[in-house]
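**Q**
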Amino acid sequence: MQIITEVALLRATVKAWRQAGLTVAFVPTMGNLHSGHFKLVDEAKSRADKVIVSIFVNPMQFGANEDLAKYPRTLEADCAGLITHGADAVFTPTPELMYPRGLAAQTAVEVPKIGDQHCGASRPGHFRGVATIVTKLFNLVQPDIALFGKKDYQQLAVIRQFTSDLSFDINIIGIDTERAADGLALSSRNGYLTAEQRAVAPVIYQQLLWLQQQITQGYQDFRMLEQQAKEALSQAGFRPDYLHICDRQNLELATSHDKPLVILLAAYLGNTRLIDNLEV
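Under the numbering used here, read the sequence shown as residues 65 to 344, first letter to last.
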């Protein structure tokens, strides 16, 4: 596996693959890789001739009071795992390489409406940072396909939207969330949880399953369902950020006439913000 740190080598590598008639899959990550990430790599291997992974903790998508400095950086272990799963190359740029003029002077990509709700409302500027860095990476790698996990459901929707709006010839593939045996969605941020918090964390998925059951059984007062689930989370020790039953196409709050649906959720457990979702 090639470890690439410079733009020129990245472009030369991809160009050589193209000249050989090979297809290219891309998996963007922020590192601290777990089995959910490796599931994306495995799926990418099954869909393309070559797989390139990026590892970049993107400062542009972190807010002023968020955990950029303490975000786990485990490059050596990440590369070992990527070799095991057959990745062909990993791109590991620095912030200086990706933002040579600094964040304040960086041209940015905005995705209105779909990026302004839910996590976008709670974390202003977050999806601006996501859309900008993924656009830059798409321009550098120019893959045939790019794979993202559905755990970050709104992020996937934002990426699909700007990929279409900006006319990228890239097939965006969403892969189902990888979960621990007790249902907790795998996330790098799970490592911030204490043992006691980790034991409580699966309540998030339990509430999503309860909501899914209520909806499929025909209960249509979605705002009441949201409130009941938030109260259950609070009683379990969470501090809910948002919990919304949404139209799956535009992520706007759903009415009884909308379908298919997705339930989007973010909640704090201690100082750790966890997100999850479930399609209905």
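The C-beta atom is built at its ideal place from N, Cα and C for all residues, glycine as well.
Expressed to the nearest angstrom, what Euclidean distance is found between the alpha-carbon atoms of L146 and D322?
**A** Numbered from 1 along the sequence shown, position 82 holds the residue referred to as residue 146. Numbered from 1 along the sequence shown, position 258 holds the residue referred to as residue 322. Near 41 Å, if we compare the C-alpha coordinates of D322 and L146.
**Q** Using the Cβ count rule (16 or more neighbours within 10 Å means buried), how would you classify K79?
**A** As a first step, residue 79 must be located in the sequence shown, where it is residue number 15. Exposed is the call here.
**Q** Flag this pair as touching only if the segment 115 to 122 and the segment 92 to 105 have three or more C-beta atom pairs under 8 Å; answer yes or no.
**A** Yes, they touch.
**Q** From what residue to what residue does the beta strand (DSSP E) around F90 run?
**A** Mapped onto the sequence shown, residue 90 falls at position 26. Run containing F90: 88 to 93, per the beta strand (DSSP E) assignment.
**Q** Taking all protein chains shown into account, do 16 or more other C-beta atoms lie within 10 angstroms of the C-beta of R287, making it buried, or fewer, making it exposed?
**A** If you number the sequence shown from 1, residue 287 lands on position 223. It counts as exposed.
**Q** What distance in whole Å lies between the Cβ atoms of L328 and Q218, which are believed to be in contact at a cut-off of 8 Å?
**A** Taking the first residue of the sequence shown as 1, we reach residue 218 at position 154. Taking the first residue of the sequence shown as 1, we reach residue 328 at position 264. Contact holds; Cβ gap of about 7 Å.
**Q** How many Å lie between F302 and Q292 at the Cα?
**A** Residue mapping note: residue 302 aligns to position 238 of the sequence shown, counting from 1. Residue mapping note: residue 292 aligns to position 228 of the sequence shown, counting from 1. About 14 Å.
**Q** Mind checking which residues open and close the alpha helix (DSSP H) that includes Y269?
**A** The residue given as residue 269 occupies position 205 in the sequence shown. Per DSSP, Y269 belongs to the alpha helix (DSSP H) from 267 to 280.
**Q** Taking C-alpha atoms, which residue in F90, E260, M124 lies nearest to K109?
**A** The residue given as residue 109 occupies position 45 in the sequence shown. The residue with the shortest Cα to Cα distance from K109 is F90.
**Q** In angstroms, rounded to a whole number, what distance separates the CA positions of R253 and N203?
**A** Here the question's residue 253 lines up with position 189 in the sequence shown. Here the question's residue 203 lines up with position 139 in the sequence shown. About 28 Å.
**Q** Output the boundary residues of the alpha helix (DSSP H) element that contains P159.
**A** As a first step, residue 159 is located in the sequence shown; it is residue number 95 there, counting from the start. From DSSP, the alpha helix (DSSP H) with P159 extends over 159 to 162.
**Q** For A330, name the three-state secondary structure that DSSP assigns.
**A** As a first step, residue 330 is located in the sequence shown; it is residue number 266 there, counting from the start. The answer is strand: DSSP assigns A330 an E or B state.
**Q** Between the segment 239 to 248 and the segment 124 to 131, can you find at least three pairs of beta-carbon atoms closer than 8 Å?
**A** Contact between the segment 124 to 131 and the segment 239 to 248 is absent, because fewer than three Cβ pairs lie under 8 Å.
**Q** Span of the beta strand (DSSP E) holding H308?
**A** On the sequence shown, residue 308 is found 244 positions in, with the first residue counted as 1. Per DSSP, H308 belongs to the beta strand (DSSP E) from 303 to 311.
**Q** If you check the beta carbons only, do R192 and A210 fall under 7 Å apart?
**A** Position 128 of the sequence shown, counting from 1, holds the residue named residue 192. Position 146 of the sequence shown, counting from 1, holds the residue named residue 210. Not a contact, by the Cβ cut-off of 7 Å.
**Q** Tell me whether the beta-carbon of Y256 lies closer than 7 Å to the beta-carbon of T138.
**A** For the purposes of this step, residue 256 is taken as the residue at position 192 of the sequence shown. For the purposes of this step, residue 138 is taken as the residue at position 74 of the sequence shown. No, these two residues do not count as a Cβ contact at 7 Å.
**Q** Three or more beta-carbon pairs under 8 Å between the segment 184 to 191 and the segment 158 to 171, yes or no?
**A** These segments do not touch.
**Q** Considering just the uninterrupted stretch of the beta strand (DSSP E) at K114, what are its terminal residues?
**A** Along the sequence shown, one-based indexing puts residue 114 at 50. 114 to 119 is the span of the beta strand (DSSP E), which, as asked, contains K114.
**Q** By a C-beta neighbour count over all protein chains shown, 10 Å radius and 16 as the cutoff for buried, is D216 buried or exposed?
**A** For the purposes of this step, residue 216 is identified with residue 152 of the sequence shown, where counting begins at 1. D216 is buried by the Cβ-count criterion.
**Q** Figure out for me which residue from F212, P123, E316 has the closest Cα to the Cα of K134.
**A** If you number the sequence shown from 1, residue 134 lands on position 70. Selected option, being the one with the closest Cα: P123.
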